[in-house]
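Residue numbers (the numbering used here): 56 to 216.
Idealized CB from N, CA, C, for every residue including glycine.
The structure presented is a predicted model; accordingly, all values stated were derived computationally and were not measured.
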């Protein structure tokens, strides 16, 4: 399986932030996910956050699993500006998406949100979740070059709540 280059990674992480901004316009939390085909260019799906049990990544993974064969999804990449939480990582695992790229860690998100009651961040990394499975999902992140944009989006949103 070929890997995306750094420019492609930044392009789709920025798109993930754009989808997160769209989520805020819909009254949701600022998280977005993007599924990209094996060619590292074609966007198959985008999804913004819906609510506390329908995060962008888990919703996208469920939709992808109902629309694409598992062997195809294994060759795809899910981009998300913020590391998937344990719920989303588990859903990505079961959907058979073979690569996940994220901009900032779950721990860094916690620094942006504090102990906000609307986002009670769990200290369980996607690295931990994936390392306990039987499939080797490639996990790339945090990615330099996107941090400031992602942190700004998160801080602006959470400080206004």
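From which residue to which residue does the alpha helix (DSSP H) around residue i run?
i: residue 98; result: First-last for residue 98: 98–103, but that is the beta strand (DSSP E), not the alpha helix (DSSP H).
i: residue 90; result: No alpha helix (DSSP H) holds residue 90; the beta strand (DSSP E) holding it covers 87–91.
i: residue 83; result: That residue, residue 83, is in no alpha helix (DSSP H); it is neither H nor E in DSSP.
i: residue 127; result: 125–128
i: residue 186; result: 181–186
Which one of the options has the shortest CA to CA distance from residue i?
i: residue 56; options: 153, 189 and 122; result: 153
i: residue 127; options: 151, 117, 106 and 139; result: 151
i: residue 86; options: 205, 215 and 216; result: 205
i: residue 120; options: 139, 149 and 80; result: 149
i: residue 64; options: 174, 80, 195 and 214; result: 195
i: residue 214; options: 184, 117, 172 and 102; result: 172
i: residue 190; options: 117, 129 and 216; result: 129
Tell me whether the beta-carbon of residue i lies closer than 7 Å to the beta-carbon of residue j.
i: residue 201; j: residue 158; result: yes
i: residue 108; j: residue 133; result: no
i: residue 164; j: residue 146; result: no
i: residue 72; j: residue 136; result: yes
i: residue 99; j: residue 88; result: no
i: residue 95; j: residue 59; result: yes
i: residue 141; j: residue 179; result: yes
i: residue 181; j: residue 138; result: yes
i: residue 210; j: residue 167; result: yes
Can you tell me where the beta strand (DSSP E) holding residue i begins and where it ends?
i: residue 206; result: From DSSP, residue 206 is part of no beta strand (DSSP E) but of the alpha helix (DSSP H) over 202–214.
i: residue 191; result: From DSSP, residue 191 is part of no beta strand (DSSP E); its letter is neither H nor E.
Assuming residue i contacts residue j under a Cβ cut-off of 8 Å, what Cβ separation, rounded to an integer in Å, is found between them?
i: residue 144; j: residue 104; result: No, residue 144 and residue 104 are not in contact; Cβ-Cβ is about 16 Å, not under 8 Å.
i: residue 82; j: residue 208; result: 16 Å between Cβ atoms; not a contact.
i: residue 90; j: residue 70; result: Contact doesn't hold; Cβ gap of about 11 Å is too wide.
i: residue 160; j: residue 199; result: Rounded, the Cβ-Cβ distance is 12 Å, inconsistent with contact.
i: residue 170; j: residue 84; result: Actually they are not in contact, since the Cβ atoms of residue 170 and residue 84 sit about 15 Å apart, beyond 8 Å.
For residue i, which beta-bridge partners are listed by DSSP?
i: residue 145; result: According to DSSP, which records beta bridges pairwise, residue 145 is partnered with nothing at all.
i: residue 155; result: 133 and 194
i: residue 109; result: 106
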